[in-house]
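Q: Numbers in the working numbering are just positions in the sequence shown, counted from 1, shifted up by 29.
Below are the structure tokens for one structure; questions will follow.
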Amino acid sequence: VQLQASGGGLVQAGGSLRLSCAASGNIYSITTMAWYRQTPGKQRELVASITSGDSTNYADSVKGRFTISRDNAKNTVYLQINNLKPEDTAVYYCYALGGWGRHHWGQGTLVTVSS
30 VQLQASGGGL VQAGGSLRLS CAASGNIYSI TTMAWYRQTP GKQRELVASI
80 TSGDSTNYAD SVKGRFTISR DNAKNTVYLQ INNLKPEDTA VYYCYALGGW
130 GRHHWGQGTL VTVSS
């Protein structure tokens, strides 16, 4: 499984972005997909996840502002980010859980929020 993330950028506080992650390869093995984020010196943290049955889970810090969704026809997972805050600045990574419990990661896309 290969994951290609895109959509990051520089945005002012209060603005919005939509991140995309396109999966290719053995996509039929994918169950859960998720977005994580990481800032320098900190551990990578789970932002949002979505199962193959479209059950979603969010970190408390992003509930009500972030929405994860997936388009199975396009093999793509999205993260809609609204009301961005400076503390949302991070590298955002796409993740997929594949067959045999394999973990797959995208290359990361940088989101920078200016105050």
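Backbone N, C-alpha and C fix where the C-beta goes; we use that ideal spot for every residue, glycine too.
Tell me, please, whether the stretch 37-50 touches the stretch 105-113 by the rule of three or more beta-carbon pairs shorter than 8 Å.
A: Segments in contact, yes.
Q: Per DSSP, which residues does Arg66 bridge with? Please list them.
A: DSSP lists Glu74 and Tyr121 as partners of Arg66.
Q: What's the gap between the Cα of Val40 and the Cα of Tyr57?
A: Between Val40 and Tyr57, the C-alpha separation is close to 35 Å.
Q: Sort Arg66, Gly54 and Tyr124 by Cα distance to Val140 and report the nearest one.
A: Among Arg66, Gly54 and Tyr124, the Cα nearest to that of Val140 is on Arg66.
Q: Name the residue from Tyr121, Leu126, Lys103 and Gly128 whose alpha carbon lies nearest to the alpha carbon of Val142.
A: Here the closest residue by C-alpha is Tyr121.
Q: Suppose you measure from the CA of Ala125 to the CA of Ser144; what does that come to, to the nearest Å?
A: Ala125 and Ser144: Cα-Cα distance of roughly 32 Å.
Q: Report the option in Arg131, Cys123, Asp117 and Trp129 whose CA atom is closest to the CA atom of Pro69.
A: Ranking Arg131, Cys123, Asp117 and Trp129 by Cα distance to Pro69 puts Asp117 first.
Q: Please state the DSSP three-state secondary structure of Ile59.
A: Correct three-state label for Ile59: coil.
Q: Going by Cα to Cα distance, which pick from Gly37, Gln33 and Asp100 is closest to Ser53?
A: The residue with the shortest Cα to Cα distance from Ser53 is Gln33.
Q: Label Ser90 either buried or exposed according to how many other C-beta atoms from any shown protein chain fall within 10 Å of its C-beta, with 16 as the threshold for buried.
A: By the 10 Å Cβ count, Ser90 comes out exposed.
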